[in-house]
Amino acid sequence: MISPAATKAIEEQLTGHLRSRVEWDEVPAVFTLHQGDDGSVRLAQLPVPESMWTASGHPPSAVAGLAAVATRLPRYPDGSHPLVRPGVGKLIGAAFRYEAYALVGDSPNPAVQEAFLRRGVGGSVPNFKEIPGRVEERCLTAVDLDGGRYMASSSRIDESEPDAADPNVYYLAFGDPRRDRLTGNVVDAVIRFLNAIKPVQRGGAQ
Numbered sequence: 032m033i034s035p036a037a038t039k040a041i042e043e044q045l046t047g048h049l050r051s052r053v054e055w056d057e058v059p060a061v062f063t064l065h066q067g068d069d070g071s072v073r074l075a076q077l078p079v080p081e082s083m084w085t086a087s088g089h090p091p092s093a094v095a096g097l098a099a100v101a102t103r104l105p106r107y108p109d110g111s112h113p114l115v116r117p118g119v120g121k122l123i124g125a126a127f128r129y130e131a132y133a134l135v136g137d138s139p140n141p142a143v144q145e146a147f148l149r150r151g152v153g154g155s156v157p158n159f160k161e162i163p164g165r166v167e168e169r170c171l172t173a174v175d176l177d178g179g180r181y182m183a184s185s186s187r188i189d190e191s192e193p194d195a196a197d198p199n200v201y202y203l204a205f206g207d208p209r210r211d212r213l214t215g216n217v218v219d220a221v222i223r224f225l226n227a228i229k230p231v232q233r234g235g236a237q
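The opening residue of the sequence shown carries number 32 in this note's numbering; numbering runs sequentially from there.
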């Protein structure tokens, strides 16, 4: 079980990582989440070739592809996975960093308000990147071994400057009725990746 202290530590790691970014248009990244004996949590970045992202053209699809590759890799005798670094603590989750565009509900921009109205009635909405008034964001989506889901994001303050607002983060436990707020191809890809690398018992039993 993931303790409340561990979920808090995961949130702090996600927001701390976003605060540390100083450039935009970064290559996406995949991380494993580890808990030390003292309860601390850390992110460990996987050395994913940049060509994986460019070949896919769609970062969540690349993560799903990485998960598919991971399922075919042989396990170590103790049931651990070769993509999980040894010596960094117990594996408790996985995370994916990417950049995206978002619409803010209280934006005064007419194009943003029209997009919300169209989406609300089931109409088509242009790609967010093409909508004037959209916001650029750095994001980290994570999942833990208990099925908890995390979303951390930091919005760019001005398109002409690198500064970003302080990150926001929220967590939804497995049994939370609001879990549909954290769904989609990004979450699905991270779940698939974590399922592919989580440890198994000797003999192959999950």
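Using N, Cα and C, we set each Cβ at its ideal position, and we do this for glycine too. These numbers come from a predicted model, not from an experiment.
In the DSSP assignment, G124 is bridged to L64, D175. The beta carbon of R73 lies closer than 6 Å to those of H65 in the same chain, with the five residues before and after it left out.
Contact between E57 and Y181 is absent: CB atoms are separated by about 19 Å, not below the 8 Å threshold. Fully contained in the region 86 to 132 are the following alpha helix (DSSP H) runs of length 4 or more, in chain order: 90 to 103.
Counting along the chain, no beta strand (DSSP E) covers A195, and no H or E run does either. Put simply, of V221, I228, C170 the residue whose alpha carbon is nearest the alpha carbon of R52 is C170. Of all alpha-carbon atoms in P230, R223, V79, the one lying nearest the alpha-carbon of A99 is that of R223. Per DSSP, reduced to three states, the secondary structure at A204 is coil, with no helix or strand assignment.
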